[in-house]
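S.K.: Starting off with a structure, shown below.
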């Protein structure tokens with residue numbers, strides 16, 4: 089069965105510093121990987137995805153993520169954090185073995201807090 | 008990308024009653040899903056809404072409690088039946104194809 093883990097409940101970073109939000113996954117085949125962000129009282133917003141190709145994926149708001157097959161990880165990164173990046177971040181995985189009907193499974197979420 | 012709207016955005020309901028949540032997508036989509044989320048916590052998939060056939064429910068969720076309709080490729084409803092305070096949560100509609108999945112703003116349900 090597919091699963092995804094976000095080992096940190098909260099990440100605290102000073103504005104202007106680089107940030108990393110960690111994610112590891114487990115699927116039987118090759119994965120589709122996603123990052124979503126949720127601001128307070130808002131729905132989920134799609135940030136980026138890895139389907140195939142270059143292991144470094146660039147997404148919205150200056151975020152990027154690196155797919156590492158050997159470590160089964162898909163960490164979210166940003167070179168310089170902004171206070172407005174403070175939100176709840178979810179990593180998600182879909183098992184590519186299945187058809188487009190297969191479900192996305194979400195991690196537990198990491199709360200990112202950027203201090204001025 | 009797909010734009011997804013949900014109605015109502017929030018509701019307060021009495022236990023024992025039912026609420027139907029509507030989800031509308033601005034374009035035809037292959038897949039539609041319903042999730043539940045406690046505030047600040049992760050999302051739990053309730054079911055996949057299949058167009059023209061019965062929904063596929065995840066473990067712990069049953070059709071009698073959460074009946075789902077999907078009459079066409081842009082619309083779905085989720086009913087929360089015979090509600091109890093434990094059903095208080097945010098219910099999210101999601102839609103997409105093989106690569107991406109988008110989410111509606113959610114329906115915040117409080118059962119008293």
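Protein chains in written order, with my numbering: chain A, 89 to 204; chain B, 8 to 119. Glycine included, each C-beta is placed from N, C-alpha and C at the ideal position. These numbers come from a predicted model, not from an experiment.
#1: Counting only beta-carbon separations shorter than 8 Å, does residue 196(A) have a partner in chain B?
#2: Contact between the stretch 14-31 of chain B and the stretch 114-133 of chain A: three or more CB pairs below 8 Å?
#3: Check the C-beta distance from residue 44(B) over to residue 85(B) and give it rounded, since I have them as a contact under 8 Å.
#4: My guess is that residue 203(A) and residue 176(A) are in contact by the Cβ rule of under 8 Å, so how many angstroms apart are they, rounded?
#5: For residue 80(B) and chain A, any beta-carbon pair shorter than 8 Å?
#6: My parser needs the beta strand (DSSP E) runs of 3 or more residues fully inside the stretch 104-138 of chain A; what are they?
#7: Could you say if the stretch 126-135 of chain A and the stretch 32-39 of chain B meet the contact criterion of at least three C-beta pairs nearer than 8 Å?
#8: Using the beta-carbon count (16 or more within 10 Å), is residue 109(B) buried or exposed?
#9: Is the CB of residue 136(A) under 8 Å away from at least one CB in chain B?
#10: Please list the segments of the beta strand (DSSP E) lying wholly inside the stretch 23-105 of chain B, counting only runs of 3 or more residues, in order along the chain.
#11: To the nearest angstrom, report how far apart residue 116(B) and residue 26(B) are at their CA atoms.
#12: Under 8 Å, do residue 113(B) and residue 97(B) count as touching if we go by C-beta distance?
#13: Would you mind stating whether residue 162(A) and residue 111(A) have Cβ atoms separated by less than 8 Å?
#14: From the DSSP output, which residues share a beta bridge with residue 9(B)?
#15: Quick check on residue 173(A): does DSSP put it in helix, strand or coil?
#16: With DSSP as the reference, label residue 168(A) as helix, strand or coil.
#17: By alpha-carbon positions, which one of 47(B), 54(B), 106(B) ends up nearest to residue 83(B)?
M.R.: Concretely, from the data shown:
#1: yes
#2: no
#3: With 8 Å as the limit, residue 44(B) and residue 85(B) do not qualify as a contact, their Cβ atoms being about 13 Å apart.
#4: With 8 Å as the limit, residue 203(A) and residue 176(A) do not qualify as a contact, their Cβ atoms being about 17 Å apart.
#5: no
#6: 107-109, 112-114, 119-126, 132-138
#7: no
#8: buried
#9: no
#10: 26-32, 38-44, 50-56, 75-79, 82-87, 96-103
#11: 9 Å
#12: yes
#13: yes
#14: None; residue 9(B) has no bridge partner.
#15: helix
#16: coil
#17: 54(B)
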